[in-house]
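Residue numbering for the sequence shown follows the UniProt record's numbering, starting at 1 and increasing by one per position. In this text, a Cβ means the ideal position worked out from N, Cα and C, and glycines have one as well. What follows is a short report on a single structure.
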Amino acid sequence: MNLTSAESDIVSGNNAAERPATRARRPARARPDGEGPPVISTSPLAAPLTPAGVATITHLTEKLAEYMAEADLKKVKEAYRFSDEMHLGQVRKSGEPYISHPIAVAEICADWKLDAQAIMAALLHDVMEDQDVKKEELIERFGAPVAHLVDGLSKLEKIEFQSQIEAQAENFRKMLLAMASDVRVILIKLADRLHNMRTLDVMAPAKKQRIAGETMEVYVPIAHRLGLNNIYRELQDLAFSHLYPMRYTVLAKAVRAARGNRREVVGKILDSVKNTLSMAGIEAEVYGREKTLYGIYKKMRSKHLTFSQVLDVYGFRVVVDSFPNCYVALGTLHSLYKPMPGKFKDYIAIRKLNGYQSLHTTLIGPYGTPVEFQIRTQEMHRTAESGVAAHWLYKNSDANMTDMQQRTHAWLQSLLDIQQQTGDSAEFLEHVKVDLFPDSVYVFTPKSKIIAMPRGATPIDFAYAIHTGIGDHTVSVTINGEPAPLRTELRNGDIVEVVTDPDSRPSPSWLSFVRTGKARSAIRHHLRTINLPESINLGRQLLRQAMAAISLSPDLPESLIERLLNESSAKSLDELYADIGIGKRMAALVARHIFGLLGGESASVPVDHNSASDLDPVTIYGSEGVSVQLAACCLPIPGDQIVGQLRRDQGLQVHTNDCTVAKRQRQKEPDRWIAVKWGTELNRRFDSRIRLLINNEKGILARVAAEIGESDGNITFVGMDEDKEHVLHQLRFTIQVKDRVHLAGLLRNVRKVSGVNRVARERA
Numbered sequence: 001m002n003l004t005s006a007e008s009d010i011v012s013g014n015n016a017a018e019r020p021a022t023r024a025r026r027p028a029r030a031r032p033d034g035e036g037p038p039v040i041s042t043s044p045l046a047a048p049l050t051p052a053g054v055a056t057i058t059h060l061t062e063k064l065a066e067y068m069a070e071a072d073l074k075k076v077k078e079a080y081r082f083s084d085e086m087h088l089g090q091v092r093k094s095g096e097p098y099i100s101h102p103i104a105v106a107e108i109c110a111d112w113k114l115d116a117q118a119i120m121a122a123l124l125h126d127v128m129e130d131q132d133v134k135k136e137e138l139i140e141r142f143g144a145p146v147a148h149l150v151d152g153l154s155k156l157e158k159i160e161f162q163s164q165i166e167a168q169a170e171n172f173r174k175m176l177l178a179m180a181s182d183v184r185v186i187l188i189k190l191a192d193r194l195h196n197m198r199t200l201d202v203m204a205p206a207k208k209q210r211i212a213g214e215t216m217e218v219y220v221p222i223a224h225r226l227g228l229n230n231i232y233r234e235l236q237d238l239a240f241s242h243l244y245p246m247r248y249t250v251l252a253k254a255v256r257a258a259r260g261n262r263r264e265v266v267g268k269i270l271d272s273v274k275n276t277l278s279m280a281g282i283e284a285e286v287y288g289r290e291k292t293l294y295g296i297y298k299k300m301r302s303k304h305l306t307f308s309q310v311l312d313v314y315g316f317r318v319v320v321d322s323f324p325n326c327y328v329a330l331g332t333l334h335s336l337y338k339p340m341p342g343k344f345k346d347y348i349a350i351r352k353l354n355g356y357q358s359l360h361t362t363l364i365g366p367y368g369t370p371v372e373f374q375i376r377t378q379e380m381h382r383t384a385e386s387g388v389a390a391h392w393l394y395k396n397s398d399a400n401m402t403d404m405q406q407r408t409h410a411w412l413q414s415l416l417d418i419q420q421q422t423g424d425s426a427e428f429l430e431h432v433k434v435d436l437f438p439d440s441v442y443v444f445t446p447k448s449k450i451i452a453m454p455r456g457a458t459p460i461d462f463a464y465a466i467h468t469g470i471g472d473h474t475v476s477v478t479i480n481g482e483p484a485p486l487r488t489e490l491r492n493g494d495i496v497e498v499v500t501d502p503d504s505r506p507s508p509s510w511l512s513f514v515r516t517g518k519a520r521s522a523i524r525h526h527l528r529t530i531n532l533p534e535s536i537n538l539g540r541q542l543l544r545q546a547m548a549a550i551s552l553s554p555d556l557p558e559s560l561i562e563r564l565l566n567e568s569s570a571k572s573l574d575e576l577y578a579d580i581g582i583g584k585r586m587a588a589l590v591a592r593h594i595f596g597l598l599g600g601e602s603a604s605v606p607v608d609h610n611s612a613s614d615l616d617p618v619t620i621y622g623s624e625g626v627s628v629q630l631a632a633c634c635l636p637i638p639g640d641q642i643v644g645q646l647r648r649d650q651g652l653q654v655h656t657n658d659c660t661v662a663k664r665q666r667q668k669e670p671d672r673w674i675a676v677k678w679g680t681e682l683n684r685r686f687d688s689r690i691r692l693l694i695n696n697e698k699g700i701l702a703r704v705a706a707e708i709g710e711s712d713g714n715i716t717f718v719g720m721d722e723d724k725e726h727v728l729h730q731l732r733f734t735i736q737v738k739d740r741v742h743l744a745g746l747l748r749n750v751r752k753v754s755g756v757n758r759v760a761r762e763r764a
């Protein structure tokens, strides 16, 4: 996924006019995403794709004059003149002057009634990126607040990254962190993305797909998370139209046809509802609304329906004059049409994470058609449509914050918390994207405080949501008064109580089921810092192995070490080793980088295959801690042929050679697998799973358990499966043994027990 802004792809060049002599033209620069610069041709023969129009700010100033003081309007015009000068000669792919894009972005922001600083930043949002205007110059001309906003919207063009993905992730992290300090950054960015999506038709199909995919994956969830429902719906439909143009066209045609067929039903419902509410003495605005095409498409996909089976294409909105009348109107509608059981949701009493409030109910309308109604007040409606833009977060003190502002502020603050605990940009982006999905469940603390969690969240997520310290020390949990596994998915209305122990620490296995970005980043942060010497030793061994494979000496001169640390952004060699040991960096890539620093070409590294095959594998003792883990899928024991997988931020995971899980993953990421071997002094026992087929007879379990004990095995788990005839049972044991020889002897002894038909080690 490309996380750079789409506008870089919508620019082409033309020398429509020379810049004024008072200011030298800034050269167009190549962009870091490799897709070329916003070329400004110097040839007098160059011509735009279509005749360039004239862009003016007349419409923008008319909008701003409705709510902005004359002095502020003057500053906005000054920002426009500067931006126009900087973009002079640039045109978009459509042939329009490039300045038309910043003006359009500013107009969208004006619809939200953003202040003068935000409108100025919208007009200037591309000048740092495209024309190399320095932040200091913007501060001098327009003040620090405007310059900070523009800087937050600009990509990181001067830093060289190891990969395009890393560059994209770092650009996105910069934008989100700027948004955490000033929410106007993301509002301007969303307006920017909305205009780019509206004008995406001129792009090549491949770029349309990339930009639309990025929009659907990142910007649509952000708009929803901030409660900007109008822009959320429009971005969703625009992205859908470019991702699946044929599906969009077919569905749009079907909706147009259905609109005519259902006009009579919609009119009848509207008249009935208005008359009924009027007779009840309730002042209300009632109007029908059509579901978005993407909303209809998603419902068809999720429920495997044809279009004709999606009956609730239309919904109705009832906007009343007061909070109590929401519930009075609900009762009135329920007396008019019968409600569908299980289809009522009260988002007023328990509002959504983004501050949305409304009553939702589905009724059986005329001709048996399900009809959805949303009931809300004017204030709720304004918040539902404009979200955080309806209440300026950056203008209010904490004491005066609305509940919605506090929720938004808490989410923005969580971005900073994740940033502090995250190793790099790609990981930060992974955590944030997890938290952007809108579905949520509402659970209670023992003191009846409501905590909103993403759907699929577990008690570990709940513990970290309360406080990082509670999450780190969690040992058990009760849900609704009953003990429950830590990986249990929470449901609406659950009462969750967490039990902690000061000596408890996070387990790497938690990463396989936690749902929230905050929990995931906190766990990884802890795993990175615990057992640091072990990670350093493992990383040193892996790097030496990788260097030997390309015939490099492990002894590096001081001057080269200094260059290596500078270019890898590591503070010390131990930090570099630790990053390799936990899987954050690949030893082979670091070794290739060292080869390049020594004057070689990393693309033609001379691999000595003979010496590489004779390298000593990494030695495993089984008691290393979190940097080396034995895979739960196959539970390797000494004597097994084993292989190691370097997992990102989880260190080295050891599998058996014949593990099916390992074979699948090895095909996807072959570079992350290394040779490992068992050490000679193994002073611990290892878990192994065995499965028995036994007769259903009295005392069989006791006899098997006794034989395992006699064979010096320790049982840690017992499970049983029965067949349909209840004649044979399958017993499953997890036992602790010394090694493969010990396990083989134990299996021989268990096989001799009366009533045991078959026994074998269980494989992944």
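8 Å CB neighbourhood of Lys158 in its chain, flanking five on each side removed: Taking the first residue of the sequence shown as 1, we reach residue 158 at position 158. Here Lys158 scores only 38 on pLDDT, less than 50, and its place in the model should not be relied on; the value that follows carries that caveat. Counting only residues of its own chain and dropping the five nearest sequence neighbours on each side, Lys158 has no CB closer than 8 Å to any other CB.
Start and end residues, alpha helix (DSSP H) containing Asp472: Taking the sequence shown and counting its residues from 1, one reaches residue 472 at position 472. For Asp472, the enclosing alpha helix (DSSP H) begins and ends at Thr468 to Asp472.
From Tyr464, Leu511 and Asp126, residue whose alpha carbon lies closest to that of residue 811: This structure cannot settle anything about residue 811, because the visible part of the chain is limited to 1 through 764.
Residue closest to Gln629, alpha-carbon to alpha-carbon, out of Val654, Gly315, Ile186 and Pro617: On the sequence shown, residue 629 is found 629 positions in, with the first residue counted as 1. Nearest option by C-alpha distance: Val654.
CA-to-CA distance, Ile364 to Thr276, given in whole angstroms: Here residue 276 refers to the residue found at position 276 of the sequence shown. Here residue 364 refers to the residue found at position 364 of the sequence shown. If you draw a straight line from the Cα of Thr276 to the Cα of Ile364, it is about 16 Å long.
At least three beta-carbon pairs within less than 8 Å, the stretch 481-498 to the stretch 547-557: Contact fails: fewer than three Cβ-Cβ distances are below 8 Å.
Per DSSP, the bridge partner or partners of His381: Residue mapping note: residue 381 aligns to position 381 of the sequence shown, counting from 1. Beta-bridge pairing links His381 to no other residue.
Inter-residue CB distance, Gly755 and Ile694 (contact presumed, cutoff 8 Å): For the purposes of this step, residue 755 is identified with residue 755 of the sequence shown, where counting begins at 1. For the purposes of this step, residue 694 is identified with residue 694 of the sequence shown, where counting begins at 1. Gly755 to Ile694, Cβ: 5 Å. Contact.
Distance between Ile594 and Trp392 (C-alpha atoms, nearest Å): Stepping through the sequence shown from its first residue, residue 392 is reached at position 392. Stepping through the sequence shown from its first residue, residue 594 is reached at position 594. Low local confidence applies: a pLDDT of 43 at Trp392 is under 50, so the model's placement there is unreliable, and no value is given.
Glu535 vs Gly581 beta-carbon contact at 8 Å: Taking the first residue of the sequence shown as position 1, residue 535 is located at position 535. Taking the first residue of the sequence shown as position 1, residue 581 is located at position 581. Correcting the residue type first, residue 535 is Ser in the shown sequence and not Glu. Cβ atoms of Ser535 and Gly581: closer than 8 Å.
Check whether Val477 and Val498 have beta carbons under 8 Å apart: Counted from its first residue, the sequence shown places residue 477 at position 477. Counted from its first residue, the sequence shown places residue 498 at position 498. In contact: Val477 and Val498 (Cβ atoms closer than 8 Å).
Coarse secondary structure for His195, derived from DSSP in three states: Taking the sequence shown and counting its residues from 1, the one referred to as residue 195 is at position 195. Of the three classes helix, strand and coil, the one that applies to His195 here is helix, per DSSP.
Cβ neighbour criterion (16 or more within 10 Å) applied to Lys189: Your numbering for residue 189 matches position 189 in the sequence shown. By the 10 Å Cβ count, Lys189 comes out buried.
Nearest-angstrom Cα separation, counted from Gly599 out to Ser94: For the purposes of this step, residue 94 is identified with residue 94 of the sequence shown, where counting begins at 1. For the purposes of this step, residue 599 is identified with residue 599 of the sequence shown, where counting begins at 1. Rounded to the nearest whole angstrom, the C-alpha separation of Ser94 and Gly599 is 47 Å.
Given Ala223 as reference, the closest of Leu149, Met246 and Gly355 once Cα atoms are compared: Stepping through the sequence shown from its first residue, residue 223 is reached at position 223. For Ala223, the nearest C-alpha among the options comes from Gly355.
Cβ neighbour criterion (16 or more within 10 Å) applied to Gly331: Sequence index remark: in the sequence shown, residue 331 carries index 331 (1-based). By the neighbour-count rule (16 or more Cβ atoms within 10 Å), Gly331 is not buried but exposed.
Supposed close pair Val318, Ala280 - CB separation, criterion 8 Å: Here residue 318 refers to the residue found at position 318 of the sequence shown. Here residue 280 refers to the residue found at position 280 of the sequence shown. With a Cβ gap of about 12 Å, Val318 and Ala280 do not count as contacting.
Beta bridge counterpart(s) of Arg758 as assigned by DSSP: As a first step, residue 758 must be located in the sequence shown, where it is residue number 758. Under the DSSP definition of a beta bridge, Arg758 partners with Leu693.
Pairwise C-alpha distance: Asp201 and Pro221: Counting from one through the sequence shown, the residue named residue 221 turns up at place 221. Counting from one through the sequence shown, the residue named residue 201 turns up at place 201. Spanning the two alpha carbons is a distance of roughly 23 Å.
For Lys338, the nearest candidate out of Phe323, Pro366 and Val320 (CA to CA): If you number the sequence shown from 1, residue 338 lands on position 338. Shortest Cα-Cα distance from Lys338 to any of Phe323, Pro366 and Val320 involves Pro366.
Cα-Cα separation, Leu3 to Leu235: Locating residue 3 in the sequence shown gives position 3, counting from the first residue. Locating residue 235 in the sequence shown gives position 235, counting from the first residue. Here Leu3 scores only 40 on pLDDT, less than 50, and its place in the model is too uncertain to base an answer on.
Reduced DSSP secondary structure (H/G/I, E/B, other) of Thr249: Indexing the sequence shown from 1 puts residue 249 at position 249. Helix.
Spatial distance of Arg748 from Phe733 (CA atoms): What you label residue 748 is simply residue 748 of the sequence shown in a count that begins at 1. What you label residue 733 is simply residue 733 of the sequence shown in a count that begins at 1. When only Cα atoms are considered, Arg748 and Phe733 end up about 15 Å apart.
Local Cβ density within 10 Å of residue 803, reported as buried at 16 or more and exposed below that: Any property of residue 803 remains undetermined from this structure, which presents the chain solely from 1 to 764.
Counted within 10 angstroms of its Cβ, other Cβ atoms place Met128 as buried (16 or more) or exposed: By one-based count along the sequence shown, residue 128 stands at place 128. Buried: at least 16 other Cβ atoms inside 10 Å.
Ser397 burial status per 10 Å Cβ neighbour count (16 or more: buried): Along the sequence shown, read from residue 1 onward, the residue named residue 397 stands at position 397. Any reading at Ser397 needs caution, since the residue's pLDDT is 41, under 50, leaving its predicted position unreliable; the model's value is listed next. It is exposed - the Cβ of Ser397 has fewer than 16 other Cβ atoms within 10 Å.
Length of the line joining the Cα atoms of Ala631 and Asp658: Locating residue 631 in the sequence shown gives position 631, counting from the first residue. Locating residue 658 in the sequence shown gives position 658, counting from the first residue. Each residue's CA atom was taken as its position, placing Ala631 and Asp658 some 13 Å apart.
Own chain residues within Cβ distance below 8 Å of Met453, not counting five before or after: For the purposes of this step, residue 453 is taken as the residue at position 453 of the sequence shown. Excluding sequence neighbours, Met453 sits near Ser440, Val441, Tyr442, Val443, Asp461, Phe462, Ala465, Leu490, Arg515 and Thr516.
Counterpart residues of Met279 in DSSP-defined beta bridges: For the purposes of this step, residue 279 is identified with residue 279 of the sequence shown, where counting begins at 1. Beta-bridge pairing links Met279 to no other residue.
Simplified DSSP state of Ile594, which is helix, strand or coil: Against the sequence shown, residue 594 aligns to sequence position 594. Assigned with DSSP and collapsed to three states, Ile594 falls in helix.
Cβ distance (whole Å) where Ala106 is taken to contact Leu88 below 8 Å: Within the sequence shown, numbered from 1, the residue matching residue 106 stands at position 106. Within the sequence shown, numbered from 1, the residue matching residue 88 stands at position 88. 18 Å between Cβ atoms; not a contact.
Contact check, Pro446 vs Asp472, beta carbons under 8 Å: The count along the sequence shown starts at 1 and reaches residue 446 at position 446. The count along the sequence shown starts at 1 and reaches residue 472 at position 472. The Cβ-Cβ distance between Pro446 and Asp472 does not fall below 8 Å.
Presumed contact (8 Å Cβ cut-off) between residue 771 and Met216, rounded CB distance: This structure cannot settle anything about residue 771, because the visible part of the chain is limited to 1 through 764.
For Arg685 and Gln736, believed in contact at Cβ under 8 Å, the rounded distance: Sequence index remark: in the sequence shown, residue 736 carries index 736 (1-based). Sequence index remark: in the sequence shown, residue 685 carries index 685 (1-based). Right, their Cβ atoms sit about 4 Å apart.
Own chain residues within Cβ distance below 6 Å of Leu746, not counting five before or after: By one-based count along the sequence shown, residue 746 stands at place 746. If the five residues before and after Leu746 are omitted, its C-beta is found closer than 6 Å to the C-beta atoms of Ser711 and Gly713, all from its own chain and listed in chain order.
Contacting residues, own chain, Cβ-Cβ under 6 Å from Asp574 (five flanking each side not counted): In the sequence shown, the residue the question calls residue 574 occupies position 574. Apart from the 5 residues on each side of it in sequence, Asp574 sits with its Cβ closer than 6 Å to the Cβ of Ile536 in its chain, given in chain order.
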